[in-house]
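Peer 1:
Residue numbers (the numbering used here), protein chains in the order written: chain A, 146 to 509; chain B, 146 to 509.
1. Anything in chain B within Cβ reach of residue 489 of chain A, meaning under 9 Å, just list it in chain order.
2. Which of the residues in the stretch 418 to 439 of chain A, read from start to end, lie with their CB under 8 Å from any CB of chain B?
3. Could you work out which residues of chain B lie near residue 455 of chain A, taking near to mean beta carbons separated by less than 9 Å?
4. Assign residue 461 of chain A to buried or exposed, taking buried as 16 or more other Cβ atoms, counted over all protein chains shown, within 10 Å of its Cβ.
5. On a CA-only basis, which of A:277, A:219, A:416 and A:387 is nearest residue 310 of chain A? Give me that one, please.
6. Thinking residue 350 of chain A and residue 367 of chain A are a contact (beta carbons under 8 Å), I'd like their distance in whole angstroms, please.
7. Closer than 9 Å, CB to CB, is residue 235 of chain B near chain A or not?
8. Looking only at its chain, what residues have a beta carbon closer than 6 Å to the beta carbon of residue 326 of chain A, apart from the 5 residues adjacent to it on each side?
9. How close, in whole Å, do the beta carbons of residue 271 of chain B and residue 303 of chain B come, if the pair is a contact with beta carbons under 8 Å?
10. Please list the residues of the stretch 151 to 182 of chain A that have a C-beta atom closer than 8 Å to any C-beta atom in chain B, keeping them in chain order.
11. Could you have a look at residue 444 of chain B and say whether DSSP puts it in helix, strand or coil?
12. So with CB distances below 8 Å, who are the chain A contacts of residue 411 of chain B?
13. Would residue 310 of chain A count as contacting chain B if we go by Cβ distances under 9 Å?
14. DSSP three-state label for residue 410 of chain B, please.
15. Around the Cβ of residue 171 of chain A, are there at least 16 other Cβ atoms within 10 angstroms (buried) or fewer (exposed)?
16. With DSSP collapsed to three states, give me the class of residue 399 of chain B.
17. Quick one: list the residues of chain B neighbouring residue 257 of chain A, beta-carbon separation under 8 Å, in chain order.
18. At the level of alpha carbons, what is the spacing between residue 207 of chain B and residue 434 of chain A?
19. Assuming residue 483 of chain A and residue 168 of chain A make a contact with CB atoms under 8 Å, what is their CB distance in whole Å?
20. Taking the straight line between their C-alpha atoms, what separation do you get for residue 440 of chain B and residue 147 of chain B?
21. DSSP state of residue 434 of chain B, grouped into three classes?
22. Which first and last residues belong to the alpha helix (DSSP H) in which residue 347 of chain A is found?
23. Any contact between the stretch 484 to 497 of chain B and the stretch 172 to 187 of chain B? By contact I mean 3 or more CB pairs, one from each, below 8 Å.
24. Assign residue 415 of chain B to buried or exposed, taking buried as 16 or more other Cβ atoms, counted over all protein chains shown, within 10 Å of its Cβ.
25. I'd like the list of long-range same chain contacts for residue 316 of chain A, defined as Cβ closer than 7 Å, with 5 residues on each side in sequence excluded.
26. Taking residue 397 of chain B and residue 161 of chain B to be in contact with their CB atoms under 8 Å, please state how far apart those CB atoms are, rounded to whole angstroms.
27. Identify whether residue 183 of chain B lies in helix, strand or coil by the three-state DSSP scheme.
28. Helix, strand or coil for residue 491 of chain A? Go by DSSP, reduced to three states.
29. Go through its chain and collect everything with a Cβ distance to residue 474 of chain B's Cβ below 6 Å, but skip five positions before and after it.
30. Could you please give me the residues that DSSP links to residue 209 of chain B through a beta bridge?
31. Is residue 318 of chain B near residue 288 of chain B, with beta carbons less than 9 Å apart?
32. I'd like to know if residue 444 of chain B contacts chain A, where contact means its C-beta is closer than 9 Å to some C-beta of that chain.
33. Could you tell me whether the Cβ of residue 207 of chain A comes closer than 9 Å to any Cβ of chain B?
34. Alpha carbon to alpha carbon, how far is residue 256 of chain A from residue 295 of chain A?
35. Quick one, which of A:453, A:239, A:363 and A:246 has its alpha-carbon nearest residue 223 of chain A's?
36. Answer with yes or no whether the minimum CB distance from residue 354 of chain B to chain A is below 9 Å.
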């Protein structure tokens with residue numbers, strides 16, 4: 146185990162590679178391509194493990210992240226974010242280095258891009274299948290046709306439809322996730338049917354970790370783009386997407402105060418380390434992470450009743466069972482399972498394997 | 146104005162220096178020393194503006210931050226966080242470079258530190274004056290005496306009591322802040338009276354921005370340690386601590402989609418840029434920032450009814466008044482006033498003045 150003095154994000158490589166392998170096998174079984182989203186780990190090294198598993202193309206969430214992974218050897222990159230026309234210079238540059246796919250969600254975007262792109266670039270139209278965040282509504286064939294029409298005779302080449310049904314994160318059971326997924330799939334299949342005559346090659350990409358982890362029907366889907374599954378976390382565990390044993394990261398933090406009179410301890414673990422996400426597993430019972438014991442080769446299951454109940458910039462307040470509070474000492478290191486792995490990874494900016502190898506992440 | 150292509154944190158230097166000057170003058174008027182907390186800006190350059198205003202010593206929230214500002218010329222540094230005994234090596238090193246003050250909140254901490262420190266180090270005992278986060282309860286004279294007893298004949302030198310009454314952040318009016326402050330002050334004065342016979346030189350340090358901004362009575366206080374006031378933000382504005390005109394930073398972000406059908410626009414501004422803090426100014430009306438118009442020399446007042454209503458990792462969803470939605474175009478840049486300036490600054494990791502100067506921040 147790496148020596149820990151300050152808050153340190155630990156990665157169990159065995160669990161992480163297991164998560165990657167499982168998703169890769171599932172994709173193969175369902176004859177869809179796994180084009181994993183790298184926004185969760187943002188690490189060139191973790192990226193290599195995907196390459197070793199057989200992954201050949203990736204998804205990212207910004208031009209900056211595309212640049213980082215292009216520099217680290219990836220040749221197929223989808224930027225799953227409505228294209229920012231102000232970044233056309235960077236997009237032109239990327240398009241000369243990698244097989245790039247972008248999101249075009251409006252005619253206005255096309256009109257601006259057409260004038261400025263200097264290479265052939267494939268694009269998805271992002272489809273809003275019920276999340277209500279971004280993309281064209283799944284039944285708005287008029288707008289979709291408008292966008293397609295506006296790209297005719299340009300270097301923008303229609304590739305297909307992509308949807309990130311973020312509404313699965315609000316599900317409270319695996320059954321609910323599957324139900325949402327089925328509805329999403331129906332919308333995407335209807336789109337495919339409608340447009341395939343004109344675009345026989347059009348592809349369907351599907352985005353979220355809950356659906357990709359739980360659904361068993363991917364009919365009509367060509368690629369899946371989950372991200373969070375590389376580490377999983379308590380949000381997903383709470384929905385029923387993963388078990389505690391599949392969570393690949395834990396934040397190791399030093400105990401700086403013990404308050405037996407209120408069964409609390411203070412750790413150096415604020416929102417600058419964990420991120421600010423919380424879970425409210427039972428009403429009025431908000432927490433910012435569950436406490437585990439660090440062990441030689443990883444960490445324990447969550448200690449019943451041990452959780453982070455308050456966060457400020459650098460302080461984390463743990464509520465602990467009586468048994469634990471009496472054996473805990475300042476200078477001890479405890480582990481915290483993340484509520485939201487993407488946030489904890491971004492905040493920490495670097496990760497250490499249990500063996501002590503430091504894994505670089507994308508610079509801020 | 147600096148050219149903006151990607152999310153960019155803008156700093157209005159005139160407002161920022163005004164905030165610094167006002168707090169410095171207030172401290173002088175009340176005969177207390179301003180030892181500002183640098184956790185909000187974390188920038189060596191902004192630190193220089195404090196130096197120019199007459200500030201000679203600072204407060205930080207971690208050993209790492211102390212190291213950063215020591216490297217940038219600061220000679221008096223208080224680490225306002227319960228000391229992590231695992232960092233004793235780093236503390237010893239810092240103590241040879243700067244006049245260091247640390248927090249000791251337990252006898253257990255003393256017992257460990259005593260054995261390992263290699264220089265004389267001054268310490269505060271942190272006092273919990275009602276926040277319930279960290280420190281010794283203000284009326285627990287027994288524990289305080291225990292800590293003091295345990296440091297006798299050691300290189301740990303008692304300096305005084307420090308309190309960060311974070312409960313002022315839950316206040317809903319300036320009057321409530323002042324009321325809380327008055328109660329806090331009474332507790333600290335009682336402590337001073339009790340211990341001053343034995344420690345006639347003992348000092349009282351007081352921490353939070355709401356109190357330091359609003360209170361007009363600092364009797365018995367020797368130093369004030371506010372941090373957030375350097376930029377201020379919507380949390381503080383909501384309490385009544387500052388006006389909109391005193392907010393010194395704004396996040397400039399590109400518009401990537403406009404949805405007139407629902408009076409919404411999407412900007413490249415997720416929690417990786419803003420942080421995840423929200424305000425619920427009126428019930429059921431959560432927002433993650435108010436929208437302003439960028440202007441030649443800064444930005445406008447908040448546009449009535451324009452706010453960030455949803456945040457994901459990179460997407461921000463704006464709810465906008467009809468008038469604005471119809472003139473907004475993709476590729477436009479809008480400004481967002483931060484809910485929590487500390488979080489937005491940490492997330493962005495660098496700041497640009499309106500004149501285009503890049504201000505470095507502490508590396509992650």
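Note that CB positions come from ideal geometry on N, CA and C, so glycine has one too.
Peer 2: Short version:
1. Going along chain B, no residue has its Cβ under 9 Å from residue 489 of chain A, so there is no contact; the nearest lies around 12 Å.
2. Result list: 420, 421 and 422.
3. Under a criterion of Cβ atoms nearer than 9 Å, the residues of chain B adjacent to residue 455 of chain A are, in order, 277 and 278.
4. A buried status is given to residue 461 of chain A, since no fewer than 16 other beta-carbon atoms sit within 10 Å of its beta-carbon.
5. Selected option, being the one with the closest Cα: A:277.
6. That pair is a contact at about 7 Å.
7. Residue 235 of chain B counts as touching chain A.
8. Taking C-beta separations shorter than 6 Å and ignoring five residues to either side along the sequence, the partners of residue 326 of chain A in its chain run 356 and 360, following chain order.
9. The Cβ separation is near 13 Å, so there is no contact.
10. Taking 8 Å as the cut-off between beta carbons, the residues of the stretch 151 to 182 of chain A near chain B are 151, in sequence order.
11. Here residue 444 of chain B sits in strand by DSSP.
12. Ordered by position in chain A, the residues that pass the 8 Å Cβ test against residue 411 of chain B are 227, 278 and 279.
13. Using a CB distance cut-off of 9 Å, residue 310 of chain A does not count as an interface residue toward chain B.
14. In this structure, residue 410 of chain B counts as strand in the three-state DSSP scheme.
15. Counting the other Cβ atoms within 10 Å of the Cβ of residue 171 of chain A gives 16 or more, which makes it buried.
16. Collapsing the DSSP output to three states places residue 399 of chain B in a strand.
17. The answer, in chain order, is 475 and 476.
18. Rounded to whole angstroms, the gap between the alpha carbons of residue 207 of chain B and residue 434 of chain A is 22 Å.
19. Wrong, their Cβ atoms sit about 19 Å apart, outside the cutoff.
20. When rounded, the distance between both Cα atoms is 11 Å.
21. Per DSSP, reduced to three states, the secondary structure at residue 434 of chain B is coil, with no helix or strand assignment.
22. Counted as a single uninterrupted DSSP element, the stretch harbouring residue 347 of chain A is not any alpha helix (DSSP H), since DSSP gives it neither H nor E.
23. Between the stretch 484 to 497 of chain B and the stretch 172 to 187 of chain B there are three or more C-beta pairs closer than 8 Å, enough to call the two in contact.
24. By the neighbour-count rule (16 or more Cβ atoms within 10 Å), residue 415 of chain B is buried.
25. Result list for residue 316 of chain A: 322, 325, 355 and 384, in chain order.
26. Between residue 161 of chain B and residue 397 of chain B the Cβ distance is about 16 Å, and since that is not below 8 Å, they are no contact.
27. Secondary structure of residue 183 of chain B (DSSP, three-state): coil.
28. Helix, per DSSP.
29. Closer than 6 Å at Cβ, skipping near neighbours: no residue.
30. Answer by DSSP bridge pairing: none, since residue 209 of chain B is not bridged.
31. No, these two residues do not count as a Cβ contact at 9 Å.
32. With 9 Å as the cut-off, residue 444 of chain B does not count as an interface residue toward chain A.
33. With 9 Å as the cut-off, residue 207 of chain A counts as an interface residue toward chain B.
34. If you draw a straight line from the Cα of residue 256 of chain A to the Cα of residue 295 of chain A, it is about 7 Å long.
35. When each option's Cα is compared against that of residue 223 of chain A, the closest is A:246.
36. By this cut-off, residue 354 of chain B is not an interface position.
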